[in-house]
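Undergrad: Could you have a look at this structure, given as structure tokens, before my questions?
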Amino acid sequence: MLSSTAKSSPDSTPDTTDFITAECRATRYPALCVQCLSTYSSTIQQSQKRLAQAALSVSLSQAQSVASFVSTMARMRGLRPIEYRTVKDCIDNMANTVDQLNQSVQELSRADQDFDWHVGNVESWVGAALTFENTCLDGFRNPTMDGNVKVAI
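The sequence shown runs 1 to 153 under the UniProt record's numbering.
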């Protein structure tokens, strides 16, 4: 597993940057992908496995931050009942997101043999993580959710 504090070194090459840029083109947010993963360029080099590990580590770290933020929102004073229920549902969904991403990080770290099979598992779990995250957000799209909680999310 990559450390979330890994930084690119001065010896990262244009080839590595080109590799990350090319791989990120297939994502929904290519510029954000490049921005997040370029930090790990010296670790990634031109390895799809290390790129996937870095991407999962970044995603897990961000999901943990969101889960923590949403948990603090449940303790806000003055929440209306619908806001409280929606925040509590979101906490559960984000916990599931973190679990799925943790499972994905662990699976990919074991992917020395049968890499494609392990990647298939990771794709399923990352898909589930995205579903849980989107379910969290869907709760705040309710028209009755018009307060500070919706704005914060």
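All residues carry an ideal CB built from backbone N, CA and C; glycine is no exception.
Quick check on DSSP: helix, strand or coil for Pro10?
TA: In the sequence shown, counting from the first residue as 1, residue 10 sits at position 10. Interpretation of Pro10 is limited by its pLDDT of 47, a score under 50 that renders its predicted location unreliable; the figure taken from the coordinates is listed afterwards. In the structure shown, Pro10 sits in coil (DSSP, three-state: anything other than H, G, I, E or B).
Undergrad: Which residue's Cα is closest to the Cα of Asn148: Thr43, Val70 and Ser42?
TA: Reading the sequence shown from its first residue, position 148 is the one you call residue 148. With distances taken between Cα atoms, Asn148 lies closest to Val70.
Undergrad: DSSP on Phe140, reduced to helix/strand/coil?
TA: Numbered from 1 along the sequence shown, position 140 holds the residue referred to as residue 140. Correct three-state label for Phe140: coil.
Undergrad: Distance, Cα to Cα, residue 170 vs Ile82?
TA: The shown model of the chain, from 1 to 153, leaves out residue 170, and the question about it has no answer.
Undergrad: Going by C-alpha to C-alpha distance, which of Glu133, Phe115 and Ala52 sits closest to Asn93?
TA: Stepping through the sequence shown from its first residue, residue 93 is reached at position 93. Nearest option by C-alpha distance: Glu133.
Undergrad: Using the C-alpha atoms, what's the distance from Met145 back to Thr15?
TA: Position 15 of the sequence shown, counted from the first residue, corresponds to residue 15. Position 145 of the sequence shown, counted from the first residue, corresponds to residue 145. In the sequence on display, residue 15 carries Asp and not Thr. Approximately 47 Å between the Cα atoms of the pair.
Undergrad: Quick one: Cα of Leu101 to Cα of Val126, how far?
TA: Numbered from its first residue, the sequence shown carries residue 101 at position 101. Numbered from its first residue, the sequence shown carries residue 126 at position 126. Distance between the alpha carbons of Leu101 and Val126: 6 Å.
Undergrad: What are the complete alpha helix (DSSP H) segments, minimum 4 residues, inside the segment 95-147?
TA: Runs found: 115-139.
Undergrad: What's the call for Met76, buried or exposed, on a 16-neighbour Cβ count within 10 Å?
TA: The residue you call residue 76 lines up with position 76 of the sequence shown. Exposed, because fewer than 16 other Cβ atoms sit within 10 Å of the Cβ of Met76.
Undergrad: Which of the three DSSP states is assigned to Thr60 in this structure?
TA: As a position in the sequence shown, residue 60 is number 60, starting the count at 1. The amino acid occupying residue 60 in the given sequence is Leu; Thr does not appear at that position. Leu60: helix per DSSP, three-state reduction.
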